[in-house]
Every structure is written in C-alpha cells, then in structure tokens.
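*Asks:*
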Amino acid sequence: MRVRVVTKKGFLKALVLATLVAFVSQEALTQQLASVAPSGFPTKSDCNSNNMKLCYSNPEFTNNMVRGKGITHKRIKRWLNGRAAMVNIIVVNPEAERLIIKPSYGSYKLNSVRRVKDLVINENAIAGINASYFKPDTGVPLGASIVNGEILTGPLYQRVVLGVTEDNKFKMDKLDVSGEIKIGNSIILPLFNINQPVFSQTAFTVYTDRWGLRTPKTSEYYCHIVVLDGKIQYIKQSSVLIPQGGYVVVGPRSKIPKGIIQQYDSVNYTVKLSPEDWNDVKYAVGGGPYLIKEGKIFIDKQRFSNGFISMKAPRTAVGYTKGGSLILVTIDGRQEGTSGATLPELARLMHELGAVNAMNLDGGSSTQMVYKGKVVNRPTTAGGNRVTNALVIAPGY
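For any residue, its number in our numbering is found by taking its place in the sequence shown, counting from 1, and adding 2.
Set out below in structure tokens:
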C-alpha cells in the first residue's frame, strides 16, 4: 500500500486552494442570484403577444386573483431569461371562506407514496401541490411535518418550513428540534429528532409507529430500545419492528450506562421546537431553500448544491402575501415548450406575485398541481410521480 506524506508546506498549499475554490463557488452563486434582474423577464407586450395578458410583473395580480374568492387558479406562460415556461398559480384567501390548509399523507404510515391527485381526492380537497422531499427507497419525508399539532417528522438540517396556525395564519422559518428522553427515575437522554433517517453520535432519535414497519438499519454501535405502553419491552443492536401504538428509541450505545436500563423500565419523551412560537402551529410542511424572506429575494443553500440551484427544472413553490393569502406555484420543465426554472427565476416570480415569504418544495418529476379534481400542470410522467405528501386546501366544514 502506498502512503502519501503531506508536508506542512503542501498542507498550506492545499488549504489555500480549497479556500479559493469555495470562494469561487460562492462568487458563482452570488452572480447567479444577481442575474434575476427584471430585464430577464417578460414585459407586458411579451405577454400580450402570447395572449397571456396577466403574465407581466404586477404586484396586484395576486390580489386580483383572489379578491372576493377563497381559492382561484390561473395558468400563464412566462419567458424566463429568453426561454418559455408554463406556470400554474393557485391563490388561497383563508378569510374569504372556511378552509383547511394542511399536509396530506397516503396512509397512517409515512412511508407510503401516492400521486398528488389521489391525495387531494382522499381529503375531499379543492386543490393541492406536491410538498416535501423524500427518500425514494423508503418514501419517508425529509424535513418537518406537523399534523393537528403532532410532530410527525422533525426538521432536517434546519431547512425552512411553512407553518399554519389554528386560525390559518402563516409562518415560515428554519426550525430546530430539542427534547429529552427519560428512562426510569434517573436516566435522561438528549433527543436528536423524530422519524428522520439521520443519526447522531451523541443523541437519540425516536421512531413512532407512523415511520413504517421497522427502524432504519444501524451499525453495531447503536441500540434500539423498544417501548410499548410507556415501558421498555426489549433492546437490540439492529433494526427492530416498531410496535403499533409504541415507538423505538435509537441512539449510541456508548451514551447509556451499562447495566442500568432494565426491561419494563418506564420511558417518556418531550419534544420542543425552536423558535418557540412554532409550538402553537397546527400544520407544517418542510422544503427548502428559502426563495423570499421578509419581502426580499433570499436563497440560502441549506445543503443544496449550486447545480441544484442554477439548473432549469420543473419547480414547486409556496409562499404567502402580506395580506395573508397563500400562493402555490408550479413551473413545468424538461419538455417541449416549457424548460422549467432556476431557483433565482422561481424566486423572482414569487416576489412578483407579492410573496413576503416563500420557499422551494420538492420539484423535478415530483412537481404536480391539482385543482378541482384535475392535474392542471404537465408533469414529466403521465399523471405525476408518486410522492410522500401533498399540501392540500380542503373545505373547513
């Protein structure tokens, strides 16, 4: 085996080179964001020439769409830096009629996948779009999801999340989760996350029966503590079945004192979201990255690559206006007549529509919008791919 020895001089040279590459990458991203100038988007005459009178930049467009209505839909053609894109827009005014805005799943288990149209129909909803990123091999959503105040999945990488309160007020922020797991009378373990496929070397993840059939596979250095009726049933060092109505605590064996934990010891856990004002959110769905923050175009990478940000692709986005209307957008791509959008182009569009906060959702082959029982966009596959969840707008009976 050949061993390469790195001298101090060589190390410094490599460090300088790595720093330069990182700087250049950031410069490229900065230039990409700067390229979203108004000149790259259609003028009023451009839109009229395509018989799309409402597609020019007009902050009142969103307000006019929803004035006096609870929910409305428009399909428009846009020119994004010289290339055509078909855009579908739904605007929701929760104050005009009683509506429920929430994430919808195909079944009790989070690892089921369904087409957006099926999810909308199952909820008797008026409209919906695809929402969270997910692991294709498991179907489990990546990022925060809250339904009826219950945290189904915790936030991932502190990515941005849309929240909806009991009275249909919207929030958008990067979330974090914390908490503790208490075993018996003396053991307190730090909580790392809820139902996410990412592990910690110092804290513990809780997998409820909504996660799926079994806990994820781990190395021998992790333990799986099976809990039912608030008591430990058994402990293993590999994937286990999750009991119906129970949960499994997974974390590093090294953080549990040897010989202290026993079968039938009591277990309970607490979870807290940060910022604290998110603990009153009734529904939430995660995505990323930010597109608009506090009225300004703002794209933070949130562990997304430069290529992901700058490539033309089908896109899905959600945002809300200062007046409290919700904006849902899809842009079709990868097909004749509609090339998709970069994230800076998507951000510019959301800004033009009047969003004060907006974020990107899962896109590509997942991009789907349904309105009144019909798929109104053109997914890359017929009927749309199966996805982990949808953000739906349903009547509030």
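Even for Gly, the Cβ is constructed at its ideal location relative to N, Cα and C. Small disclaimer: the values here were computed from a predicted structure and weren't measured.
Tell me, which residues are paired with Asp178 by DSSP?
*Replies:* Answer is Ser276, bridged to Asp178.
*Asks:* Alpha helix (DSSP H) containing Asn124: first to last residue?
*Replies:* 118-124 is the span of the alpha helix (DSSP H), which, as asked, contains Asn124.
*Asks:* Tell me where the alpha helix (DSSP H) around Asn308 begins and ends.
*Replies:* Start and end: 308-312.
*Asks:* According to the Cβ coordinates, are Lys104 and Val149 closer than 8 Å?
*Replies:* For Lys104 and Val149, yes; Cβs fall inside 8 Å.
*Asks:* Using a threshold of 8 Å, state whether the C-beta atoms of Thr155 and Pro138 are closer than that.
*Replies:* No; because the gap between Cβ atoms is not below 8 Å, this pair is not in contact.
*Asks:* Check whether the Cβ of Asn379 lies closer than 7 Å to any heavy atom of the ligand PLP, and answer yes or no.
*Replies:* Inclusion of the ligand PLP in the displayed structure is not the case, the ligand content being empty and no account of it being possible.
*Asks:* Does the pairing of the stretch 310-318 with the stretch 336-346 give three or more beta-carbon distances under 8 Å?
*Replies:* Counting Cβ pairs under 8 Å, three or more are found: they touch.
*Asks:* How far does the beta strand (DSSP E) with Leu293 in it extend, from its first residue to its last?
*Replies:* From DSSP, the beta strand (DSSP E) with Leu293 extends over 292-295.
*Asks:* Leaving out five residues before and five after Thr207 in sequence, what residues of the same chain have Cβ atoms less than 6 Å from its Cβ?
*Replies:* Around Thr207: Phe194, Asn195, Val252.
*Asks:* Can you tell which of Gly366, Gly321, Ser368 has the C-alpha that lies nearest to the C-alpha of Glu354?
*Replies:* Here the closest residue by C-alpha is Gly321.
*Asks:* With distance defined between alpha-carbon atoms, name the residue in Arg255, Asp231, Asn362, Leu177 nearest to Ser221.
*Replies:* Nearest option by C-alpha distance: Arg255.
*Asks:* Can you give the Cα-Cα distance for Tyr399 and Gln239, rounded to whole angstroms?
*Replies:* In a straight line, the C-alpha of Tyr399 is about 47 Å away from that of Gln239.
*Asks:* Grab the span of the alpha helix (DSSP H) containing Pro346 for me, first residue to last.
*Replies:* Element bounds for Pro346: 345-354.
*Asks:* Kindly indicate which residue of Thr204, Ser307, Thr369 has the alpha-carbon position closest to the one of Leu330.
*Replies:* Looking at the Cα atoms, Thr369 is the closest of the given residues.
*Asks:* Measuring only the C-alpha atoms, how far is Arg100 from Lys376?
*Replies:* If you take the alpha carbons of Arg100 and Lys376, they lie about 22 Å apart.
*Asks:* Would you mind giving the Cβ-Cβ distance between Ala357 and Thr323, rounded to the nearest angstrom? I have them listed as a contact below 8 Å.
*Replies:* That belief holds up - the Cβ atoms of Ala357 and Thr323 are roughly 6 Å apart, short of 8 Å.
*Asks:* Of the choices Lys184, Ser327, Leu293, whose alpha-carbon is the least far from that of Ile311?
*Replies:* The shortest Cα separation from Ile311 among Lys184, Ser327, Leu293 belongs to Leu293.
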